[in-house]
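Structure, rendered in structure tokens:
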């Protein structure tokens, strides 16, 4: 009999475009996002993996909660990585549907459609965005940061409680960076909202008090590999550079590999699943 193959570690990534988009875009195929870097690093270390990524631009944490059964139950991941909290902190009052409608990349071409988007949607979107930026500098923005952050954390906590009931996976919740300088003028209150989210997410993880529910700190990685400069780490204001994707993916591979080394079902597949046995009549009667 040949030696048994090790079970691959199953990893699920969930979040908005900060998982998959790189800045600048249109780079070579060697520009991996950090989910792909994780896969490459695990394989380089001799550990097989199965990676799934569900990344929808502008997706909210409540969207992850809504779809958790379809994306988690059948796959039963060993590790789940979540990158929510950033998009929820962007707008003060403009709704997600309007932002998606104004900036979608799924619009079909056509003379009437192009006219509508250029002359109607964009014509109204920009004044609304400028109005929001002005209001976002007022005390109103400060008053709203707590409940907005808590609402997102509540959704994440429910998601974590749900998925932890499916094989007790390792859950990694990403710390969120504030926007780089070029976007701070458009979203003046975003930095404070993100700080509030990070604080409340850390408190939630501490309250759950489970070793396999953790915060992934990205600030130290920016300090070490981008000299603490957000313009270097996220030049477009929201998305990591290829270099930072590789840095984060490498750090994730270290975390996942160390955790996987403690998991018996990944060490010895033959012991992970109990062998079927015949049940005698006395056991059936009992």
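Residue numbers (my numbering): 172 to 457. Every residue gets a Cβ at the ideal spot worked out from N, C-alpha and C, and that includes glycine.
- prompt: Is the distance from the Cβ of residue 342 to the Cβ of residue 263 below 9 Å?
  reply: no
Per-residue DSSP class, three states only, for residue 186: strand
Beta-carbon proximity list for residue 407, same chain, < 6 Å, skipping 5 on both sides: 194
message: With H, G and I counted as helix, E and B as strand and the rest as coil, what does DSSP make of residue 224?
response: strand
- prompt: Quick one: any contact between the stretch 375 to 389 and the stretch 329 to 343, if contact means 3 or more CB pairs under 8 Å?
  reply: yes
- prompt: How would you write the range of the alpha helix (DSSP H) that residue 334 sits in, first residue to last?
  reply: 310 to 334
query: Going by beta carbon distance, what residues of the same chain come within less than 8 Å of residue 246, once the five residues before and after it are set aside?
result: 181, 183, 223
query: Is the beta carbon of residue 419 sitting closer than 9 Å to the one on residue 205?
result: yes
message: Going residue by residue through the stretch 217 to 289, where are the continuous alpha helix (DSSP H) segments of at least 4 residues, counting only ones entirely within it?
response: 232 to 239, 267 to 274, 282 to 287
- prompt: To which residues does DSSP link residue 208 through a beta bridge?
  reply: Its beta-bridge partners do not exist; DSSP assigns none.
message: Here's a check: name, in chain order, each residue in its chain whose Cβ is nearer than 6 Å to the Cβ of residue 225, leaving out the five neighbours to either side.
response: 185, 242
message: Mapping the DSSP letters down to three states, classify residue 386 as helix, strand or coil.
response: strand
CB of residue 362 within 9 Å of CB of residue 231, strictly: no
- prompt: Just reading off the alpha helix (DSSP H) that residue 344 is part of, what are its end residues?
  reply: Note, residue 344: premise wrong, no alpha helix (DSSP H); beta strand (DSSP E) at 341 to 345.
- request: Kindly indicate the opening and closing residues of the alpha helix (DSSP H) around residue 402.
  value: 401 to 404
task: Could you check what DSSP says for residue 180 in three-state terms: helix, strand or coil?
output: strand
field: Range of the contiguous alpha helix (DSSP H) that encloses residue 351
entry: Neither: residue 351 is in no alpha helix (DSSP H) and is coded neither H nor E.
Selection from 329, 302, 214 that minimises the alpha carbon distance to residue 177: 214
Whole-number beta carbon distance between residue 179 and residue 228, since they are thought to touch under 8 Å: Not a contact, Cβ separation roughly 28 Å.
query: Taking Cβ positions, are residue 424 and residue 415 nearer each other than 9 Å?
result: no
task: Within its chain, find whatever has a CB closer than 8 Å to the CB of residue 417; leave out the 5 residues flanking it on each side and keep chain order.
output: 203, 205, 208
- request: Write down the C-beta distance between residue 350 and residue 286 rounded to the nearest angstrom, noting that I regard them as a contact closer than 8 Å.
  value: Actually they do not touch by this definition, with Cβ atoms about 32 Å apart.
task: Kindly indicate which three-state DSSP category residue 420 falls into: helix, strand or coil?
output: helix
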